[in-house]
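Asker:
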Amino acid sequence: MVITVKNHTLVVFSLSLVCGLLLFQAYPVNAVSKTANITVTATLLPTCLARFLVSGSTSFGTLDFGSTVALTQPISVAGQTNSGAITVQCSNGTSFNVLLSSGQSGNTNNRYLSGGPSAQQVSYNLYTNATYSVIWDDVVGVSQVATGQVVTIPVYGLVPAQSTPAVGTYTDTVQVTVSW
1 MVITVKNHTL
11 VVFSLSLVCG
21 LLLFQAYPVN
31 AVSKTANITV
41 TATLLPTCLA
51 RFLVSGSTSF
61 GTLDFGSTVA
71 LTQPISVAGQ
81 TNSGAITVQC
91 SNGTSFNVLL
101 SSGQSGNTNN
111 RYLSGGPSAQ
121 QVSYNLYTNA
131 TYSVIWDDVV
141 GVSQVATGQV
151 VTIPVYGLVP
161 AQSTPAVGTY
171 TDTVQVTVSW
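full-length UniProt numbering applies: residue 1 is where the sequence shown begins, and numbers increase by one.
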């Protein structure tokens with residue numbers, strides 16, 4: 001359609017321009033937002049570590065009764081870190097138990113060292129306390145609840161007075177079991 005009136009054309013053009021601009025005008029949009037939570041977790045498993053390694057293997061050292069010429073008097077010794085004591089670190093709040101095997105005797109109540117020239121024996125035992133009143137066995141052992149820190153548990157050893165066997169070195173190997 002052609003409009004010949006100049007002013008009217010201008011009005012139509014102006015009206016079209018205004019309508020077009022209204023289409024492109026930025027109207028406020030009703031923004032929508034939603035919130036939700038994300039759960040973040042970490043699971044700490046109960047565990048224990050032996051703390052003394054020798055050539056990649058766990059070892060608690062040697063509980064050494066020393067050297068003597070006769071067994072007429074008892075010989076006592078308390079294990080220290082890296083020398084006959086048991087050092088473990090368990091997760092905080094973890095209950096753990098340490099058992100000691102009977103060694104070569106097969107009986108935790110009657111442990112012995114063997115050696116010398118004719119495989120003789122020297123009686124001894126291992127205890128949970130410094131009064132040597134509770135034998136450290138392979139059933140009850142020593143139980144604790146960990147704090148997360150390194151714990152050193154001494155092993156108390158006692159060779160009672162007895163007949164002295166032949167001169168020589170006497171040994172036993174006791175297995176340590178830490179369970180949790």
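Even glycine gets a Cβ: it sits at the ideal position worked out from N, Cα and C. Just so we're clear, the structure is a prediction, and the values are computed from it rather than from any experiment.
Could you tell me the alpha carbon to alpha carbon distance between residue 124 and residue 173, rounded to whole angstroms?
Answerer: Looking at the two C-alpha atoms, the distance is approximately 12 Å.
Asker: Per DSSP, what kind of secondary structure is residue 164 in: helix, strand or coil?
Answerer: In this structure, residue 164 counts as coil in the three-state DSSP scheme.
Asker: Would you say residue 126 and residue 100 are within 8 Å of each other, going by their C-beta atoms?
Answerer: In this structure, residue 100 lies closer than 8 Å to residue 126 by Cβ.
Asker: DSSP has residue 77 in a bridge; who is on the other side?
Answerer: For residue 77, which the question treats as bridged, DSSP gives the partners 157.
Asker: Does the Cβ-Cβ distance between residue 180 and residue 74 come in under 8 Å?
Answerer: Going by C-beta atoms, residue 180 is not nearer than 8 Å to residue 74.
Asker: Quick check on the DSSP output: the beta strand (DSSP E) that includes residue 115 runs from which residue to which?
Answerer: Counting along the chain, the beta strand (DSSP E) containing residue 115 begins and ends at 112-115.
Asker: Cα separation between residue 87 and residue 163?
Answerer: Approximately 34 Å, taken between the alpha carbons.
Asker: Alpha carbon to alpha carbon, what distance is there between residue 142 and residue 131?
Answerer: Their Cα atoms are separated by approximately 15 Å.
Asker: So, are the CB atoms of residue 104 and residue 165 less than 8 Å apart?
Answerer: In this structure, residue 165 does not lie closer than 8 Å to residue 104 by Cβ.
Asker: Counting C-beta neighbours from all protein chains within 10 Å, is the total for residue 42 16 or more, i.e. buried, or is it exposed?
Answerer: Under this definition residue 42 is an exposed residue.
Asker: Rounded to whole angstroms, what is the Cα-Cα separation between residue 181 and residue 90?
Answerer: The structure shown does not extend to residue 181, since the chain is modelled only from 1 to 180, so the question has no answer here.
Asker: My assumption, with CB atoms under 8 Å, is that residue 92 sits in contact with residue 148. Please give the rounded CB distance.
Answerer: Confirmed, about 4 Å.
Asker: Going by beta carbon distance, what residues of the same chain come within less than 7 Å of residue 176, once the five residues before and after it are set aside?
Answerer: Within the same chain, residue 176 has close Cβ partners 60, 86, 98, 100.
Asker: Looking only at its chain, what residues have a beta carbon closer than 7 Å to the beta carbon of residue 160, apart from the 5 residues adjacent to it on each side?
Answerer: Cβ neighbours of residue 160 beyond the five flanking positions: 74, 123.
Asker: Quick one: give me the first and last residue of the beta strand (DSSP E) that residue 44 is part of.
Answerer: Note, residue 44: premise wrong, no beta strand (DSSP E); not H, not E.
Asker: Out of curiosity, what's the CA-to-CA distance linking residue 10 and residue 31?
Answerer: Note that residue 10 scores a pLDDT of 44, beneath 50, so its modelled location is shaky; the value from the coordinates is reported in the next line. Cα to Cα, residue 10 sits roughly 39 Å from residue 31.
Asker: Give every residue of the same chain whose Cβ lies closer than 8 Å to the Cβ of residue 116, excluding the five residues on either side of it in the sequence, and list them in chain order.
Answerer: Within the same chain, residue 116 has close Cβ partners 165, 166, 167, 168, 169, 170.
Asker: Is it true that the CB of residue 128 sits closer than 8 Å to the CB of residue 81?
Answerer: Contact flag unset, no.
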